[in-house]
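Take the sequence shown: its position 36, counting from 1, is numbered 443 in this note's numbering, and each next residue is one higher.
For reference, the structure discussed in these notes is given below.
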Amino acid sequence: YVFQGNSSSVATALTDAIAKHNRRNPSHPVLFINYAALDPALTNEHCKRSHFRFDADVDMKMAALTEYIAVREDIESVYLINQDYSYGQAVAGAARSMLKRKRPDLSIVGDDLHPIGRVKDFSPYIAKIKSSGAQAIVTGNWGSDLTLLIKSARQMGVDVDFFTFNVGMTGGVSTIGEAGIERVHQITNWHANINELTRNNAALYRNQHPDVFEDAYYGSVRRAVRMLEKAMIESGSADPVSVGSALRNMSLTDDTGLVSMRGDNHQLLQPLFVSKLVRVSPENGLIGVENSGLGFKTVAEIPAEKTRMPTTCQFE
408 YVFQGNSSSV
418 ATALTDAIAK
428 HNRRNPSHPV
438 LFINYAALDP
448 ALTNEHCKRS
458 HFRFDADVDM
468 KMAALTEYIA
478 VREDIESVYL
488 INQDYSYGQA
498 VAGAARSMLK
508 RKRPDLSIVG
518 DDLHPIGRVK
528 DFSPYIAKIK
538 SSGAQAIVTG
548 NWGSDLTLLI
558 KSARQMGVDV
568 DFFTFNVGMT
578 GGVSTIGEAG
588 IERVHQITNW
598 HANINELTRN
608 NAALYRNQHP
618 DVFEDAYYGS
628 VRRAVRMLEK
638 AMIESGSADP
648 VSVGSALRNM
658 SLTDDTGLVS
668 MRGDNHQLLQ
678 PLFVSKLVRV
688 SPENGLIGVE
698 NSGLGFKTVA
708 EIPAEKTRMP
718 TTCQFE
């Protein structure tokens with residue numbers, strides 16, 4: 408078994424390598440468990456029978472995110488800024504097509520791609536965004552490419568809403584700090600403050616790992632492990648072929664509701680949540696992130712079945 412996430416280019420190379428290995432070594436098959444590589448091609452034209460994705464792909468997340476943006480009548484113009492590789496390009500393309508369809512009156516006033524991990528000063532990009540008059544920024548950026556972008560906007564007095572995919576990743580909230588309060592949003596399959604069960608699971612993780620900086624974040628990892636366990640029990644085997652067969656069309660109830668694995672392209676369907684970064688307090692009962700005094704509050708929920716997208720997957 409191979410677990411991987413957070414790089415679609417790596418995931419694409421792995422799907423090819425694992426498929427080739429399985430053809431050459433049918434008695435020693437490998438199953439690829441993808442928890443965070445989001446390029447839609449991995450469950451469409453580049454799908455492989457040995458690959459299962461447990462996070463929502465770019466198109467699914469953007470469809471959910473744009474549903475929320477579409478009803479925000481105060482947002483009339485949007486700027487797109489993304490990393491220049493397959494994932495960032497997919498985010499930009501999905502945002503353009505979906506916003507145009509759902510809010511034809513909304514203007515996309517800028518669309519930039521920048522080198523991944525190489526920009527140390529985002530002020531030139533923020534200056535462009537400021538001059539464009541954009542009221543919101545949509546970005547798939549992660550890591551320093553996201554935190555530096557948001558902090559630069561704060562430093563230059565650009566008071567816009569950010570709609571992100573990855574701000575909740577390790578170090579994101581604690582690095583951004585107050586620069587993101589009430590302005591930074593994320594689209595995820597999990598966060599600590601969705602309901603009582605998620606709050607309990609987040610607290611349990613923190614109590615079990617008090618010396619670990621990272622909070623519980625990857626709901627997709629937990630779901631992958633739970634579904635692998637269920638597949639092994641149901642198939643009575645740890646053999647990847649038997650487990651893969653059991654995973655197809657499998658469902659289980661998690662702390663956010665029912666999740667199910669599509670049999671036609673091996674993409675998990677699960678509820679998605681748009682949440683906003685806010686201060687936490689005893690009064691609002693929210694759980695914070697990374698001892699920052701900040702946490703996420705749900706502003707929109709998208710049921711699992713509404714995240715289903717058409718697929719071009721044809722397994723070999």
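Glycine is no exception: its CB is placed at the ideal position from the N, C-alpha and C atoms.
Being a predicted model, the structure only gives us computed values, none of them experimental.
### Message
Quick check on the DSSP output: the alpha helix (DSSP H) that includes Asn614 runs from which residue to which?
### Response
Here residue 614 is taken as the residue at index 207 of the sequence shown, counted from 1. Here the alpha helix (DSSP H) through Asn614 covers Glu603 to Gln615.
### Task
Within its chain, find whatever has a CB closer than 7 Å to the CB of Ala631; leave out the 5 residues flanking it on each side and keep chain order.
For this step, residue 631 is matched to residue 224 along the sequence shown. Answer for Ala631: Ile440, Tyr442 and Phe461, listed in chain order.
### Beta-carbon proximity of Phe529 to Leu555, cut-off 8 Å
As a first step, residue 529 must be located in the sequence shown, where it is residue number 122. As a first step, residue 555 must be located in the sequence shown, where it is residue number 148. Yes.
### Query
To which residues does DSSP link Thr705 through a beta bridge?
Position 298 of the sequence shown, counted from the start, is the residue given in the question as residue 705. Looking at the DSSP assignment, Thr705 forms a beta bridge with Ser682.
### Query
Exposed or buried, which one is Ala424 when buried takes at least 16 other CB atoms within 10 Å?
Position 17 of the sequence shown, counting from 1, holds the residue named residue 424. Counting Cβ neighbours within 10 Å, Ala424 comes out exposed, since fewer than 16 surround it.
### Task
Report the option in Gly524, Glu452, Arg613 and Ala541 whose CA atom is closest to the CA atom of Ser484.
What you label residue 484 is simply residue 77 of the sequence shown in a count that begins at 1. The shortest Cα separation from Ser484 among Gly524, Glu452, Arg613 and Ala541 belongs to Ala541.
### Query
Whole beta strand (DSSP E) runs in the region 540-611 with 3 or more residues, listed along the chain?
Listed in chain order, they are 543-546, 568-571 and 591-595.
### Query
If we count the other Cβ atoms within 10 Å of its Cβ and call it buried at 16 or more, is Gly692 buried or exposed?
Your numbering for residue 692 matches position 285 in the sequence shown. Counting the other CB atoms within 10 Å of its CB gives Gly692 a total below 16, which places it among the exposed residues.
### Beta-carbon proximity check, Leu449 vs Ser415, cutoff 8 Å
Translated into positions along the sequence shown, residue 449 becomes position 42. Translated into positions along the sequence shown, residue 415 becomes position 8. Contact flag set, yes.
### Task
Starting from Thr450, follow its DSSP beta bridges and name the residues at the other end.
To locate residue 450, count along the sequence shown from 1; it is residue 43. For Thr450, DSSP records no beta bridge to any residue.
### Task
Name the one or two DSSP bridge partners that His521 has.
Working through the sequence shown from its first residue, we reach residue 521 at position 114. The partner list for His521 (beta bridge, DSSP) reads Gln490.
### Task
Find the nearest neighbour of Glu690 within the set Gly700, Val681, Lys683 and Ala477, judged by alpha-carbon distance.
Within the sequence shown, the letter at position 283 stands for residue 690. Selected option, being the one with the closest Cα: Gly700.
### Message
For Arg715 and Gln721, what's the separation of their Cα atoms in angstroms?
### Response
One-based indexing of the sequence shown puts residue 715 at position 308. One-based indexing of the sequence shown puts residue 721 at position 314. Rounded to the nearest angstrom, the gap between the Cα atoms of Arg715 and Gln721 is 17 Å.
### Query
Bridge partners of Val628, per DSSP?
As a working mapping, residue 628 is identified with position 221 in the sequence shown. Beta-bridge pairing links Val628 to no other residue.
### Query
Looking only at its own chain, which residues have a Cβ that is under 6 Å from the Cβ of Glu723, when we skip the five neighbours before and after it?
Mapped onto the sequence shown, residue 723 falls at position 316. Around Glu723, the same chain offers no residue with a beta carbon nearer than 6 Å, after the five sequence neighbours per side are excluded.
### Task
Given a cut-off of 8 Å, decide if Gly575 and Tyr624 are closer than it, judged by their beta-carbon atoms.
Here residue 624 corresponds to residue number 217 of the sequence shown, with the count starting at 1. Here residue 575 corresponds to residue number 168 of the sequence shown, with the count starting at 1. At a Cβ-Cβ threshold of 8 Å, Tyr624 and Gly575 count as neighbours.
### Message
From the DSSP secondary-structure annotation, give me the bridge partner or partners of Leu676.
### Response
Sequence index remark: in the sequence shown, residue 676 carries index 269 (1-based). Partner(s): Ser667.
### Collapsed DSSP secondary structure at Thr714 in the structure displayed
Locating residue 714 in the sequence shown gives position 307, counting from the first residue. Helix, per DSSP.
### Task
Please report the Cβ distance between Phe703 and Ser688, rounded to the nearest whole angstrom; I am assuming they are in contact, meaning their Cβ atoms lie under 8 Å.
The residue labelled residue 703 in the question sits at position 296 within the sequence shown. The residue labelled residue 688 in the question sits at position 281 within the sequence shown. Not really, about 14 Å apart at Cβ, beyond 8 Å.
### Message
Taking DSSP's pairing of strands, which residues face Thr660 in a bridge?
### Response
Position 253 of the sequence shown, counting from 1, holds the residue named residue 660. Per the DSSP secondary-structure output, Thr660 pairs in a beta bridge with Leu665.
### Query
CB Phe572 to CB Ile544, shorter than 8 Å?
Working through the sequence shown from its first residue, we reach residue 572 at position 165. Working through the sequence shown from its first residue, we reach residue 544 at position 137. In terms of Cβ geometry, Phe572 and Ile544 do not form a close pair [threshold 8 Å].
### Query
Around the C-beta of Asp661, are 16 or more other C-beta atoms found within 10 angstroms, so that it is buried, or is it exposed?
The count along the sequence shown starts at 1 and reaches residue 661 at position 254. Here Asp661 is buried: its Cβ has 16 or more other Cβ atoms, across all protein chains shown, within 10 Å.
### Query
Mapping DSSP to helix, strand and coil, what is Gln721?
To locate residue 721, count along the sequence shown from 1; it is residue 314. Here Gln721 carries a coil assignment [DSSP, helix/strand/coil].
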